[in-house]
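Following: one structure in structure tokens, then a few remarks.
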Amino acid sequence: MKWLLALLPVLMILGCESLVTDLPKTDIPLYQISGGYKFPENTPTIDIYNCLVGHGLNFGTEISATGTYAITRSSKLNGNLYTDTKTRNVLSVSIKHLELDPDINDHIAIFTFDDNSKLEIHFKWQRQTTNVWQNDKIEGKLTITL
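Be aware that the sequence shown starts at 65, since it is given in my numbering, and climbs by one per residue.
Here's what the structure looks like:
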């Protein structure tokens, strides 16, 4: 019985889950340009989100921005390579934070374009265990000035 009581604190410590509650870090200078940011194709949401927060953007605040989002697609037809680039102009940027379940957090970056369309990219994770549920990547190249 005594050995069981002595073992109990050890088991409690080993059974505790990680209590990391900070968002994953981003190397912000990697994306910085004069007056804004330049994100290459396949940049994950968490990096974009952290850059926007680091710039001072607050939850639920939409700010004016200028920039472009360009998606290039290529295909080969009859041995010929065809490339098409669709570019949209960025008008505004905003961020959101939602708690979906008691443990799931959704961090969202939203870009509004000149054709009134929007791009929403999500980073969903479980804060206490740092399990990443979703980390969207942008399809094109995004350049914004804030």
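No residue lacks a Cβ here, since even glycine has one placed at the ideal position from N, Cα and C.
None of these values were measured; they are calculated from a predicted model.
Bounds of the beta strand (DSSP E) holding I135 are E126 to L141. In the three-state scheme derived from DSSP, where H, G and I count as helix and E and B as strand, I202 is classed as coil. Spanning the alpha carbons of A129 and Y146 requires a straight line of approximately 32 Å. In the assembly as shown, I97 is an exposed residue. Its beta-carbon has fewer than 16 other beta-carbons within 10 Å. Counting the other Cβ atoms within 10 Å of the Cβ of T151 gives fewer than 16, which makes it exposed. Bridge pairing for S98: absent [DSSP].
In the DSSP annotation of this structure, N153 is not part of any alpha helix (DSSP H); the continuous beta strand (DSSP E) holding it starts and ends at N144 to E163. For L183, the enclosing beta strand (DSSP E) has its first and last residue at K182 to Q190. T109 carries a helical assignment under DSSP once its states are collapsed to helix, strand and coil.
The beta carbon of R137 is closer than 6 Å to those of D148 in its chain, skipping five residues each way along the sequence. Taking 8 Å as the cut-off, the beta carbon of T207 is found closer than this to the beta carbon of T132.
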